[in-house]
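A.B. asks: Next up is a structure, given as structure tokens.
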Amino acid sequence: MNVNGVFIIIGIGFFIILFGILLSQYVESQNQGLLNSFNNSKINLQIDEISVGDSPTGLISVNGVVRNNSTENIENVKVEVKLFDSNNAIIIETERFITASSSIFKPGYESDFDFLMTARNVDHYNMTSYGDKVQ
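Next up, the structure:
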């Protein structure tokens, strides 16, 4: 075997080892991503003092108070609103954050929300609020 053959064998061995290391790190990162996605549990929150109706501007006014009635610290608190017509068809739906991205919504905390939606012929609505459990 000549010198070139030795370099080729060493080079192939090096690439096999490098590929094995990179593949194992990739698989591990994918597994961690899957585990982290299961840990992000959504917590449903209580909504009180709900009001949905016409505003002076001709838009639909949606407001209420979200309360953290859980025992967990919550982040990324959202309100989801669906407005329906009399045939139970969705006219419009929206989802909005009601807390700042870096804030913690502790047990017992409450937050008012008030926003406008463009819709006509609203018959009824469905409103939910939830956030992510702080890890």
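So the sequence shown is numbered by this note's numbering: it starts at -16 and just counts up by one. For glycine and all other residues, C-beta sits at the position ideal for the given N, C-alpha and C. Quantities reported herein were computed from a predicted structural model and do not represent experimental measurements.
Which residues in the same chain as residue 15 place their Cβ atom closer than 6 Å to its Cβ, once the five residues preceding and following it in sequence are excluded?
C.D. replies: Residue mapping note: residue 15 aligns to position 32 of the sequence shown, counting from 1. Because residue 15 sits at a pLDDT of 48, beneath the cut-off of 50, its placement in the model cannot be relied upon, and the following sentence gives the value as read from the coordinates. Within the same chain, residue 15 has no close Cβ partners at all.
A.B. asks: If we count the other Cβ atoms within 10 Å of its Cβ and call it buried at 16 or more, is residue 26 buried or exposed?
C.D. replies: Residue mapping note: residue 26 aligns to position 43 of the sequence shown, counting from 1. Residue 26 is buried by the Cβ-count criterion.
A.B. asks: Can you list, in chain order, the residues of its chain whose CB lies under 6 Å from that of residue 108, leaving out five sequence neighbours each side?
C.D. replies: Here the question's residue 108 lines up with position 125 in the sequence shown. Excluding sequence neighbours, residue 108 sits near 35, 66.
A.B. asks: Have a look at residue 101 and residue 58 and give me their C-alpha separation to the nearest angstrom.
C.D. replies: For the purposes of this step, residue 101 is taken as residue 118 along the sequence shown, with counting starting at 1. For the purposes of this step, residue 58 is taken as residue 75 along the sequence shown, with counting starting at 1. If you take the alpha carbons of residue 101 and residue 58, they lie about 28 Å apart.
A.B. asks: Quick one: is residue 117 buried, meaning 16 or more other Cβ sit within 10 Å of its Cβ, or exposed?
C.D. replies: By 1-based counting over the sequence shown, the position of residue 117 is 134. Residue 117 should be labelled exposed.
A.B. asks: Leaving out five residues on either side along the sequence, give the residues of the same chain with a beta carbon under 8 Å from the beta carbon of residue 43.
C.D. replies: Counting from 1 along the sequence shown, the entry for residue 43 is found at position 60. The answer, listed in chain order, is 35, 36, 37, 66, 99, 100, 101, 102, 105.
A.B. asks: Check this for me: beta carbons of residue 30 and residue 85, under 8 Å apart or not?
C.D. replies: Against the sequence shown, residue 30 aligns to sequence position 47. Against the sequence shown, residue 85 aligns to sequence position 102. No, these two residues do not count as a Cβ contact at 8 Å.
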